[in-house]
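Asks: First the structure, then my questions, so here it is.
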Amino acid sequence: MSIGIRNVVRLAADVAITSSVTPVSTGLTAPMTGAQTIVGRAVFLLSVGATGGIRINPFMDVLGTGVFNWFLANTVAPSTAVARTVLGTPFTNALANAGLQWASCDFTVTGGSATVLPFIFQFAQNTSDALTGTLQAGSFMEYTYL
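In our numbering, the protein residues as written are 169 to 314.
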């Protein structure tokens, strides 16, 4: 956890969600100690069914603080969405266009525990749907400890 060194975490395999709004860990994770702060950017490559949408949750076991600026590009029915959330509040979108989409997030997170705890991006469907939503391999998070 070297200060000032850029770290990159990339998904090597798809994370598929079917019929569930319960967030699962994606593998996009950064270990944090105490009141340590990270700044970063994440890019999420997504495929969704005709319904279901997306839910991306920035999560820590012991809540610290964080601000997340989101951008979603719907490439099937061209449109964009922007939002700002805080740590523990998921970014949700009722994206209902089957196909590939992408979202990005610029963020700052400060830990809230004296022990080493991970900061994690979790993924789920926005509404439970039998059509699979997938966070695709190649999605990544880059971050720097301050």
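Cβ coordinates follow ideal geometry from the N, Cα and C atoms, glycine included. Given the structure is predicted, the values throughout are model-derived calculations rather than measurements.
#1: Helix, strand or coil for D229, going by three-state DSSP, please let me know.
#2: What three-state label does DSSP hand G301 in the structure shown?
#3: Assign N237 to one of three DSSP states: helix, strand, or coil.
#4: Of the residues I222, G208, G195 and F289, which one's Cα is nearest the Cα of S188?
#5: Within this structure, are the beta carbons of P286 and A203 separated by less than 8 Å?
#6: Beta-carbon within less than 6 Å of T194's beta-carbon, same chain only, minus the 5 sequence neighbours each way: which residues are those?
#7: In the DSSP assignment, what are the bridge partners of D274?
#8: Cutting at 8 Å between CB atoms, please list the residues of its own chain near T233, excluding the five before and the five after it.
#9: Here's a check: name, in chain order, each residue in its chain whose Cβ is nearer than 6 Å to the Cβ of W270, leaving out the five neighbours to either side.
#10: Take Q293 as the anchor and find which of L263, W238 and T283 has the nearest alpha-carbon.
#11: In three-state terms, what does DSSP make of L196?
#12: Is the Cβ-Cβ distance between T295 and T219 less than 8 Å?
#13: Quick one: measure Cβ to Cβ for A251 and N265, integer angstroms, because I've assumed they're closer than 8 Å.
#14: Using three-state DSSP, classify I171 as helix, strand or coil.
#15: Starting from P258 and walking both ways along the beta strand (DSSP E), at which residues does that stretch end?
Replies: The structure says:
#1: Against the sequence shown, residue 229 aligns to sequence position 61. Here D229 sits in coil by DSSP.
#2: Here residue 301 refers to the residue found at position 133 when the sequence shown is read from its first residue. The answer is strand: DSSP assigns G301 an E or B state.
#3: By one-based count along the sequence shown, residue 237 stands at place 69. N237: strand per DSSP, three-state reduction.
#4: Along the sequence shown, read from residue 1 onward, the residue named residue 188 stands at position 20. The shortest C-alpha separation from S188 is found at I222.
#5: As a working note, residue 286 is residue 118 in the sequence shown. As a working note, residue 203 is residue 35 in the sequence shown. Going by C-beta atoms, P286 is not nearer than 8 Å to A203.
#6: Along the sequence shown, one-based indexing puts residue 194 at 26. Once the five neighbours on either side are set aside, the close Cβ partners of T194 are V183, F289, F291 and L303.
#7: Here residue 274 is taken as the residue at index 106 of the sequence shown, counted from 1. Paired residues: R209 and N237.
#8: Position 65 of the sequence shown, counting from 1, holds the residue named residue 233. Result list for T233: V254, L255, V277, T278 and G280, in chain order.
#9: Here residue 270 refers to the residue found at position 102 of the sequence shown. L213 and A241.
#10: Residue 293 sits at position 125 when you count from the first residue of the sequence shown. For Q293, the nearest C-alpha among the options comes from L263.
#11: Start at 1 with the first residue of the sequence shown, and residue 196 comes out as number 28. Three-state result, L196: strand.
#12: Working through the sequence shown from its first residue, we reach residue 295 at position 127. Working through the sequence shown from its first residue, we reach residue 219 at position 51. For T295 and T219, yes; Cβs fall inside 8 Å.
#13: Within the sequence shown, the letter at position 83 stands for residue 251. Within the sequence shown, the letter at position 97 stands for residue 265. Not a contact, Cβ separation roughly 18 Å.
#14: Here residue 171 refers to the residue found at position 3 of the sequence shown. Three-state result, I171: strand.
#15: Walking along the sequence shown from the start, residue 258 turns up at place 90. Where P258 is concerned, there is no enclosing beta strand (DSSP E), given that its DSSP letter is neither H nor E.
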